[in-house]
Amino acid sequence: MHHDAILIGAGMSGLAAALRLALFGKDVVVLERHNLWGGLNSFYTKDGHAFDVGLHALTNFVPAGTRGAALTKVLRQLRIRHAELKLGQQRHSELRVPGARLRFSNELDLLTSEIEREFPGQVDGFRRLVSLVESTSLDEEPGAETSGRAVLEDCIGDRRLVDALLLPLFYYGSAREDDVDWTQLTVLFRAIFLEGLSRPEGGIRPLINLLVKRCKRAGADLRLSAGVARILTKDGRARGVELESGEVLTADTILSSAGFVETMELCGEEVAAAHTGPADHGRLSFLEVISVLDTPPAELGFGAATCFYSTREPFRYRRPEGTIDPFSGVLSAPTNFEADRPPAEPLLRATVLANPAPWLAFGEDEYRAAKDEACERALAEVDTLLGPWQSHTTYRDSFTPRTVQRFTGHRAGAIYGSPRKRKDGRTPIDALVLMGTDQGYLGVVGAMMSGIAMANRHVIAPAASSPSSTVEVRA
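Numbering-wise, our numbering puts 776 at position 185 of the sequence shown, and it's gapless, one number per residue.
Shown next as structure tokens:
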């Protein structure tokens, strides 16, 4: 069967691209290898407990109708009303490094005043950093990478404040060890500090269900348990895919959210060997521990929606030598976001850096023992921040790089993919386009923006410019 476009992966980028294309009347099919939608941002139920995967907070929050904002653009292009997302803003979040604790909210003034209190000599440098971020165009063609850390250090003279500001920028989107490209940094800084954090009521599930429903209504063909075995190429151009079932589908364009390395591997060993190298492979993955509590975290003294922390100096964001690095991470408390209907169960999620190599090599018994030990180490370090709280735990679940690789197909559980982003989406194979993490937009809103942008650029716009076309591209 021939389609206008085949989309590999039903994560946020794939679903957004499918909806955008279907709204333009394109014949589009989405192929998802697993039996759930969402990709890196999904959900599951275990022993009667409902959990989100991936989503700590929705970045890029702005009020309805805010002109020029990423969320506004996404909703307009997908014809979704802001109110349908039922977003609850963070009350506040925290940045914690040894000797300093900074609160921030969806109003930049709070973080500025906190910096003035904790680092009085650095507030002018912080304001200069904000001005640099605001003046950086996100529409420029990709050029040489610039160290984001170096720019921060040029503006701010205190290493602890640099570390504090880098914590969320690294943990919410950097695929580079101990650094982030300046362009990526500006995207993340806008999304977290200049716009803000929120949470859809009910977590990620209602948002995914909304996208799936709209895709089907618009005519997109969505297929679960439809893994792609290989991408079919001829004369340097992608022609279609062969599914694990043996079925063959063809298309004018293929958009893949599988990741650059993984997509090249689907094209065959020769293509992968010719176009990928060690620098294309992501090195960073995570272990997450989800604790169900009998008491909301706020009643235990933890009122932050999200806390980014490093308990040691300097803050290191790199693949650990052992199974995990428990000394920095992210804490997320879904009940600390505003909501008309709070989550049914109080949760505390702790996420730390993990080394994929041992997790992928363990036998089953070793794996279970290592996971228990790593969870205990991660939570013991959380105790140094929160004090005694684990006695309120009624249930616990966790995931490792092994889990991520199994359920997403990302090699080594590299959640943020390749350190090399391809912002125009192009690959060495004609008509084969990247979207999602390895294209370069970040977070849930960023992933949707990626799918929309690549659909517009590589499918809708070329059709609109065709002499025989009557399609008009509109936002």
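Positions of the beta carbon are idealized from the N, C-alpha and C atoms, including for glycine.
Can you name the start and end residues of the beta strand (DSSP E) that residue i belongs to?
i        : result
Cys-898  : 897-901
Lys-1012 : Unbroken run through Lys-1012: none, as it is neither H nor E.
Ala-691  : 691-695
Ser-684  : 684-688
Ser-989  : 984-990
Ala-941  : 938-945
Thr-841  : 839-847
Ile-597  : 593-599
Which same chain residues, not among the five before or five after residue i, have their C-beta less than 6 Å away from its C-beta?
i        : result
Gly-1016 : Val-1024, Leu-1025, Gln-1030, Met-1045
Arg-909  : Glu-768, Asp-769
Val-1035 : Met-603, Asn-632, Leu-649
Ser-765  : Val-771
Arg-987  : Ser-882
Arg-805  : Leu-610
Thr-867  : Val-852, Met-855
Gly-1008 : Ala-766, Gly-850, Gly-873, Thr-1028, Asp-1029
Leu-951  : Arg-993
Leu-646  : Asn-632, Ile-795
Arg-1048 : none
Leu-891  : Trp-980
Can residue i and residue j be called in contact, C-beta distance under 7 Å?
i        : j        : result
Ala-842  : Gly-831  : yes
Ser-684  : Thr-897  : yes
Leu-1033 : Val-778  : yes
Leu-944  : Pro-911  : yes
Pro-947  : Pro-992  : yes
Ser-848  : Gly-600  : yes
Ser-876  : Gly-1037 : no
Leu-598  : Ala-609  : yes
Asp-1021 : Arg-821  : no
Ile-915  : Ala-965  : yes
Leu-627  : Val-619  : no
Ala-755  : Leu-686  : yes
Glu-623  : Leu-798  : no
Asn-697  : Gly-787  : yes
Leu-760  : Leu-785  : no
Phe-990  : Leu-758  : no
Ala-961  : Phe-953  : yes
Ala-969  : Pro-905  : no
Residues in its own chain within less than 7 Å of residue i by CB, not counting five upstream and five downstream?
i       : result
Ser-789 : Ala-648, Leu-649, Phe-652, Leu-678, Gly-679, Gln-680, Gln-681, Phe-928
Glu-744 : Val-753
Pro-937 : Leu-884, Thr-886, Pro-887, Pro-888, Thr-926
Taking residue i as the reference, give the member of the options with the closest Cα.
i        : options                             : result
Ala-817  : Gly-616, Val-839, Pro-887           : Val-839
Ser-726  : Gly-1042, Arg-781, Ser-923          : Arg-781
Gly-605  : Leu-802, Ile-1020, Asp-754          : Leu-802
Leu-939  : Leu-951, Ala-948, Thr-926           : Thr-926
Val-880  : Pro-947, Glu-698, Phe-642, Thr-703  : Phe-642
Ile-1043 : Thr-942, Pro-797, Leu-614           : Leu-614
His-872  : Ala-608, Arg-1011, Leu-598, Met-592 : Arg-1011
Arg-751  : Ser-982, Ala-1052, Gly-712          : Gly-712
Val-921  : Ile-671, Leu-878, Gly-616, Gly-656  : Leu-878
Gln-996  : Arg-672, Leu-891, Gly-630           : Gly-630
Ala-691  : Ser-1041, Pro-1019, Leu-976         : Leu-976
Gly-659  : Ala-1052, Ala-895, Met-1040         : Met-1040
Can we count residue i as close to the ligand FMN, meaning its CB is less than 6 Å from some heavy atom?
i       : result
Thr-844 : The model depicted lacks the ligand FMN and carries no ligand whatsoever.
Measure the alpha-carbon distance for residue i versus residue j and round it to whole angstroms.
i        : j        : result
Tyr-635  : Arg-708  : 42 Å
Leu-813  : Leu-884  : 36 Å
Thr-902  : Pro-689  : 6 Å
Ile-706  : Val-714  : 6 Å
Ala-1055 : Gly-913  : 53 Å
Ser-836  : Phe-998  : 18 Å
Arg-959  : Glu-972  : 20 Å
Leu-693  : Thr-703  : 9 Å
Leu-729  : Phe-717  : 20 Å
Tyr-762  : Val-1050 : 32 Å
Ala-741  : Asp-826  : 43 Å
Arg-1002 : Ala-863  : 14 Å
Met-592  : Leu-823  : 14 Å
Val-1062 : Gly-616  : With a pLDDT of only 42 at Val-1062, under the threshold of 50, the placement of this residue in the model should not be trusted, and no figure is reported.
His-625  : Glu-955  : 22 Å
Ala-655  : His-673  : 6 Å
I need the boundaries of the alpha helix (DSSP H) containing residue i, first residue and last residue.
i       : result
Leu-756 : 750-762
Ala-969 : 955-977
Arg-553 : Given a span of 592 to 1066 for the chain in the structure shown, any question on residue 553 remains unanswerable.
Asp-700 : 699-709
Can you name, in chain order, every residue of its own chain whose Cβ lies under 8 Å from the Cβ of residue i, other than the five neighbours on each side?
i        : result
Glu-792  : Lys-677, Leu-678, Gly-679, Ala-930, Asp-931, Arg-932
Ala-1066 : The pLDDT assigned to Ala-1066 is 40, lower than 50, so where the model puts this residue is not dependable; a value taken from the coordinates is nonetheless given after this. Same-chain partners within the cutoff: Lys-664, Arg-667, Gln-668.
Gly-699  : For the sequence presented, residue 699 should be read as Leu rather than Gly. Result list for Leu-699: Val-721, Phe-784, Leu-785, in chain order.
Leu-701  : His-683, Arg-694, Phe-695
Leu-834  : Leu-622, Ala-817, Gly-818, Val-819, Ala-820, Leu-840
Cys-746  : Gly-716, Phe-717, Arg-719, Leu-720, Leu-723
Tell me, please, whether the CB atom of residue i is closer than 7 Å to any CB atom in chain D?
i       : result
Leu-752 : No chain D is part of this structure, which consists of one protein chain only.
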